[in-house]
Amino acid sequence: MKIRMALCAALLTFSPVQASDDTPEAVVHALFDAMRAGDGAAARALVNSGAALERLQADGSIKAGSFEKWTAWIDAQSPGDADEQIFNLETFSSVAGLATVAAPFVIHYKGELVGCGVNQFSLALTSEGWRIIHGIDVPHIGDCTTYRDEVEGQ
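Count along the sequence shown starting at 1, add 42, and that's the number in my numbering.
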């Protein structure tokens, strides 16, 4: 009887999500670790199939894209080619299995600074853990060489 009660208690507290390392922020960090490694498969594993990846343009229009295209591009990169550093992550909301994470970034491609701005990701807590269901970014209009210092100094 004690064994059965212990088993029931264990089943009631079981969660498919790794509590300490499977948070929305950890998934976003892992996404860019995969990018830096040139590992599209690792990036795809963090994203819900069919998820949109968009860019808010300076003129207010939205350029549509997809994580499928982006992860295929990652597969074509050598490790270290695409180095997007994210910092000062902020989770705006994390309730009932949904989360919104903002991740300012500075990106270097093959050693050259090519851009900066803010990524925003929507994530859902699935049976496989947190997965990205939508991404959008907005490029910073200004000096990317000082952007990180400006954001971290706020």
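Each residue gets a CB set at the ideal place from its N, CA and C atoms; glycine is no exception.
Note that the structure is predicted; figures quoted are calculated from it, not measured.
Selection Pro146, Lys152, Ser164 and Ala87 evaluated against glycine 139 yields Ser164 as nearest (Cα-Cα).
Straight through space, the alpha carbons of threonine 168 and isoleucine 174 are spaced by roughly 10 Å. DSSP places proline 181 in the strand class (E or B) of the three-state scheme.
For the options Phe129, Asn90, Arg97 and Gln119, the alpha carbon positioned closest to that of valine 193 is the one of Phe129. Nearest to aspartate 101 by C-alpha distance, out of Ala79, Val156, Gln119 and His182, is His182. Under the three-state reduction of DSSP output, aspartate 191 falls in the helix class.
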